Amino acid sequence: MSILTAKETLAPQSEAEVCAAIRSTGACVIEGGGTRRIGLAEGERLITRGLSGVTLYEPGTLTFVAQAGTPLHEIDALLASENQRLAFEVPDLRGLFGRQGDSTIGGVVAANASGPRRVASGACRDFCLGVRFVDGRGQVVKNGGRVMKNVTGLDLVKLMAGSHGTLGVLTEVSLKVQPLPETVVTLVVPGCDAPGAVAIMSDMLGQPFDLTGAAWLGGKVMLRLEGFETSLRYRVGRMRARLRCAAEEIWGAEACTPIWCGIRDVEAFNNRGGDVWRVSVKPSEATGLIEAVQPEDVMFDWGGNRLWLLMKEGTDLRAKMTTGHATLVRASDETKRRLGVFHPQSAVLARISAGLRHKFDPDGKFNQGMMG
Amino acid sequence: MDMPEPEPGTLVRKPELVARLRAVLPEDAVIDAPEELKAYECDALAAYRCPPLLAVLPETTGQVSEIMKICHDMGVPVVPRGAGTSLAGGALPTADAVILGVARLREVLEINTADRYIRVQTGMTNLSVTAAVEDEGFFYAPDPSSQLACAIAGNIAMNSGGAHCLKYGVTTNNLLGVTMVMADGEVVEIGGAEMDAPGLDLLGLICGSEGQLGVVTEATLRILPKPEGARPVLFGFDSNEVAGACVADIIRSGLIPVAIEFMDRPIIRATEEFAGAGYPDCEALLIVEVEGSEQEIADQLARIIAIAKRHNPVAIRESQSAEESTRIWLGRKSAFGAMGQMGDYICLDGTIPVGELPSVLNRIADLAAEHGHMVGNVFHAGDGNMHPLILYNANEPGQLESAERLGAEILKLCVDAGGCLTGEHGVGVEKRELMTHQFAPADLEAQMAVKDVFDSTWILNPAKVFPLDVSATRRARA
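Those sequence lines, one after another, are chains F and D. If you count the first sequence from 1, position 266 lands on 269 in this note's numbering, and the numbers rise without skipping. If you count the second sequence from 1, position 288 lands on 362 in this note's numbering, and the numbers rise without skipping.
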């Protein structure tokens, strides 16, 4: 899927070179590993992979600082060596998009890429502690830091997370990490339709079980618990007592990881024709929504708060929606151009967003065409 | 601490402003009598006081919008006020400002336990939000220690935390949506009941913006199922270093306690004399609380005790009952009161990387001795959010200033250790002039540029957050 019209490539090797590159260039498209971009944009490619390396990692304080172009797999490996991980379960959408490449931590933050554990621990943005970025004038701005509690000044860290490179080029990020749990168990409830699935997930998420995953696909509800085995055995017992129906228990990381990676990466839609939409909705309205839009296939994550829909090519999903908001994740450029990738915003929000873009990028250099 | 001179032109237009506000608000919603305005002259940073020009107490978002339209039109500064519990002077007025209090915005608008959220007007107190969902087995997680009094509006403005945010996060991690009135009176909806919102993360920007960007009148908050139970364990150590190392080991272990609280010797002594909680006589004390079923609690506490034992604690007290838990928490909860009985105090809240705890505590002790003030430390150790309490005597000339100088040194120390000026109280006026120690000019410019977008004439809570000279040109626009 070609998204950008690349003329030349800028490949800065340091923050200073990013500043220089931005000062000398016109419109540019910022790229980390090029694995998760969903929006359309035009301009020269500005590749951040030259800014690589973890500059600080303190396992005892659950934090690290890395240059934005650091490959995600390097960070995963480093954290694993200390029995830690990124809490927000970064989706790997290369299979869904049919792309190659190495995801970068800057790209993860820019996309606020968050997987199934969002339902318990939070999204990527909730774990972002600090950023350094270069604005459209070629100036370095820093915000936040590397401590977990910080309310000093306006929170531009949250603003940068999920801004898809429209406000600046991230050069450094600091994140909070999570210790690996002792073990994991997935409770699989078969034979559920959509209303039944939402009922089970809402009931379980409304109990003090600390679920770290609640998804529905292929007629099965998947409920995940992570922690100490003694504790999980107790909670699984309580969950079974509430469920009062058959459920299979799958114990251990080896057996559970493929299940949750599949959900995280939307594997069920790989190599299947059609457009892929990501919808956010109140769980209680999820069933009504899928009845209204009649997808080819559907998967619920986040307890029914996040829906992945496979739609016939070119379908205007938003025209059929009465609730929630939708992002067009995978489609042809033509469809993306026609329907828009990002959900339209109210006039006042659009005005504020445009105002912010203009302040950070007065000459309109960054990712023109992205995010409206 | 300086505040800008009031605008004489605004002062003389008070009758016109009162008349215009009375025309759109209920009779008793506009307060202009000097004796009544005294109630709004300060917040919990009571060393600084100034009665406002007026105070208004709207009951609806529509009324807030009318107020903002009028003030925007007349170029009158507006200082939003929650319950006035800010320790940073976030709601401190100037003589030419209108205090916009949310105290009458107190309705629960919607409770949805199936989708796990509550929608409220933001004048509701933090604790009353939990009270509204408690019977259905839920609670609202952020728990600032002022939670009985503080308003959700102020929690959002300051991105409030609390003892339990180690597990549950702070306000920004529990806020799903807001209704906000912009500086010009326009009403905007940001986010909703879903777990994410489209577009730029404006909700993340609003949260913690200290009333700089708008007046939040309604909020959608995530609610969580109440844990089955909770129980603490108390450890005494013979040095701050050892206690600090124990904190790091607990955090690394994979356990997620809901709270890890730290008290140093001055605080332990003060609280013993004040509350008699029966704490051991030691240099440093940790209270670690865990949640879950009885069995889970016992299991987690056993693991935590095993970790602590590696650090040779001088005392271990595991709570076995509700009474013992109350007793363990008694000293911690009365720490501020205990210090208050010994004199006036300034409460700081700089955050540092947890690994720096011992060295920063030692340096604070040195600085305290140099400046001739007693400093006690009681804080949320799990996330490095310090609360040094600096004692002084308000009746002795020069003591406040001297305590403030020490406070500034301690906060700079926090920044230099890799931390920040404020972890949960906010910048307000208190830490405003220290911002240049943490941020370069371009960093502050970027933040002020954001305010420009929301409030181009800088009428919302001006003279806060940014150093006065840095914001002077912009404030002159009003």
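Beta carbons are placed, not taken as given, at the ideal position from N, Cα and C, and that holds for glycine. These figures come from a predicted structure and were not determined experimentally.
query                                                                                                                                  : result
Validate contact between the segment 285-305 of chain D and the segment 203-211 of chain F using beta carbons, cut 8 Å, 3 pairs        : yes
Residues near Asn535 (chain D) by beta carbon distance below 8 Å, same chain, minus five either side                                   : Pro151, Val152, Val153, Pro154, Gly164, Glu284, Gly285, Gln286
Lys339 (chain F) versus Phe100 (chain F) - alpha carbon distance                                                                       : 14 Å
Residue of D:Thr291, D:Cys239, D:Gly266 minimising C-alpha distance to Met142 (chain D)                                                : D:Thr291
Residue environment, Ser160 (chain D), which counts as buried when at least 16 other CB atoms sit within 10 Å                          : buried
7 Å Cβ cutoff, Gln521 (chain D) in contact with chain F                                                                                : yes
Below-7 Å beta-carbon distance, Trp406 (chain F) vs any chain D residue                                                                : Within the shown structure, residues of chain F are numbered from 4 to 375, placing residue 406 (chain F) beyond reach of any answer.
Chain-order list of residues whose beta-carbon lies under 7 Å from that of Leu111 (chain D) (same chain, five-residue window excluded) : Ile105, Pro125, Pro126, Ala129
Amino acids of chain D, ordered along the chain, whose beta-carbon sits closer than 7 Å to that of Glu61 (chain F)                     : Pro427, Gly429
Under 7 Å from the C-beta of Asn153 (chain F): neighbouring residues of chain D                                                        : Thr425, Cys494, Gly497
Beta carbon of Ala267 (chain D) nearer than 7 Å to that of Tyr214 (chain D)                                                            : no
Uninterrupted beta strand (DSSP E) stretches inside the segment 106-168 of chain D (no shorter than 3 residues)                        : 128-130, 152-155
Against chain F: residues of the segment 285-307 of chain D by CB proximity under 9 Å                                                  : Gln286, Leu287, Leu298, Pro299, Lys300, Pro301, Glu302
Validate contact between the segment 128-146 of chain F and the segment 326-336 of chain F using beta carbons, cut 8 Å, 3 pairs        : no
C-beta contact flag for Asp312 (chain D) and Val362 (chain D) at 7 Å                                                                   : no
Backbone secondary structure at Ala344 (chain D) - three-state DSSP                                                                    : helix
CB-CB length for Gly99 (chain D) against Pro132 (chain D), believed under 8 Å                                                          : Position check: residue 99 (chain D) holds Leu in this sequence, whereas Gly was assumed. Confirmed, about 6 Å.
Residue environment, Lys285 (chain F), which counts as buried when at least 16 other CB atoms sit within 10 Å                          : buried
is_contact[Gly358 (chain F), chain D] using C-beta, thresh 7 Å                                                                         : yes
7 Å CB neighbourhood of Met522 (chain D) in its chain, flanking five on each side removed                                              : Phe540, Ser545, Arg548
Identity of the residues DSSP links to Asn146 (chain F) by a beta bridge                                                               : F:Val134
Pick from F:Ala250, F:Gly110, F:Leu159, F:Arg149 that is closest to Gly168 (chain F), judged by C-alpha positions                      : F:Gly110
Neighbour list for Glu185 (chain F) in chain D, Cβ cutoff strictly below 7 Å                                                           : Gly328
Residue-level contact to chain F via CB, Gln221 (chain D), 7 Å cutoff                                                                  : no
Local conformation of Leu54 (chain F) per DSSP, three classes                                                                          : coil
DSSP-derived helix/strand/coil call for Gln374 (chain D)                                                                               : helix
Contact set for Glu208 (chain D): own chain, Cβ-Cβ below 8 Å, skip 5 residues either direction                                         : Lys300
Chain D contact for Leu162 (chain F) (CB, 7 Å cutoff)                                                                                  : yes
Alpha helix (DSSP H) segment containing Asp206 (chain F), residue limits                                                               : 197-208
Endpoints, alpha helix (DSSP H) assigned at Tyr353 (chain D)                                                                           : Tyr353 (chain D) -> no alpha helix (DSSP H), and no H or E assigned at all.
Close-in-space but distant-in-sequence residues of the same chain around Ser5 (chain F) (CB under 6 Å, 5 per side omitted)             : Any reading at Ser5 (chain F) is ruled out, since the residue's pLDDT is 42, under 50, leaving its predicted position unreliable.
Backbone secondary structure at Cys239 (chain D) - three-state DSSP                                                                    : helix
9 Å Cβ cut-off: residues of chain F touching His509 (chain D)                                                                          : In the sequence on display, residue 509 (chain D) carries Met and not His. Here the neighbours are Thr155, Gly156.
Rounded distance between the beta-carbons of Gly306 (chain F) and Ala217 (chain F), thought under 8 Å                                  : 4 Å
Short CB-CB distance (under 7 Å) between Thr290 (chain F) and chain D                                                                  : no
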